[in-house]
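Just below is one structure, and these are the notes that go with it.
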Amino acid sequence: KTYVLKLARSGEDGEKQFLLLESGSRFHTTELLPNKSDVPSNFTLKLRKHIRTRRLEMVRQLGVDRIVDFVFGSGEATYHLILEMYSQGNVILTDSKFEVLTLLRSHRDDEGGYAVMARHPYPMDSVRLRQQVS
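This note's numbering puts the first residue of the sequence shown at 1, with every later residue one more than the last.
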């Protein structure tokens, strides 16, 4: 699945940038917009509801995994749009406490002891951290 976020710079010019997110493979700015469906999905509607007026505050990689966290808003009104770029990938929207609000694909790892599902905490403790080499 591919999603495009329209970002506007603050100020009078308000230059627009389009950020393309492709679940499982890539993200980058673009000038060309892909064809979109006439009816937005429930996932798209939920994204619009929560991050439409929020400012993109930070983009960071979580640990050493292929996971990117786009942070919108601040304080209690913070939302995290998490892009997982492996296998089929996933796009996950969480609140400030990393509780999953909506996501493309639910999955569970019984061996790892975690599940990525709506209304469950995002498994931040399963993110692989950088190891010190000695």
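Ideal placement from N, C-alpha and C gives every residue a C-beta, glycine not left out. What you are looking at is a predicted structure, and each value in this text was computed from that prediction instead of being measured.
Residue i vs residue j beta-carbon contact at 7 Å
i, j, result
"Val68", "Leu83", "yes"
"Tyr122", "Val100", "yes"
"Arg105", "Asn90", "yes"
"Leu19", "Leu32", "no"
"Gly24", "Arg128", "no"
"Thr102", "Phe27", "no"
Same chain, Cβ closer than 8 Å to residue i, five either side skipped, listed in chain order
i, result
"Thr53", "none"
"Ala118", "Val100, Leu101, Thr102, Leu103, Ser106"
Cβ distance (whole Å) where residue i is taken to contact residue j below 8 Å
i, j, result
"Arg55", "Phe70", "Not confirmed; about 11 Å, so no contact."
"Pro40", "Thr2", "That belief does not hold up - the Cβ atoms of Pro40 and Thr2 are roughly 13 Å apart, past 8 Å."
"Glu179", "Ser37", "Absent from the structure is residue 179, since the part of the chain shown begins at 1 and ends at 134."
Among the options, nearest to residue i - alpha-carbon criterion
i, options, result
"Tyr79", "Thr94, Gly89, Asp65", "Thr94"
"Ser144", "Arg108, Glu22, Ile51", "This structure cannot settle anything about residue 144, because the visible part of the chain is limited to 1 through 134."
"Leu5", "Asp13, Leu21, Ile92", "Leu21"
"Gln88", "His107, Ser10, Glu76", "His107"
Spatial neighbours of residue i in its chain, beta-carbon cut-off 6 Å, leaving aside the 5 residues before and after
i, result
"Arg60", "Asp69"
"His120", "Val100"
"Leu81", "Phe70, Leu93"
"Arg9", "Glu15"
"Val116", "His107"
Cut-off 7 Å between Cβ atoms - residues of its own chain near residue i, not counting five sequence neighbours on either side
i, result
"Met124", "Phe98"
"Val133", "none"
"Glu76", "Ser96"
"Thr30", "Phe18, Leu20"
Residue i - partner residues in DSSP beta bridges
i, result
"Leu93", "Leu81, Thr102"
"Met58", "Val71"
"Val116", "His107"
"Gln17", "Leu7"
Contact test: residue i Cβ vs the ligand FAD heavy atom, cutoff 6 Å
i, result
"Glu111", "Annotation note on the ligand FAD: not contained in the displayed structure, which lists no ligands."
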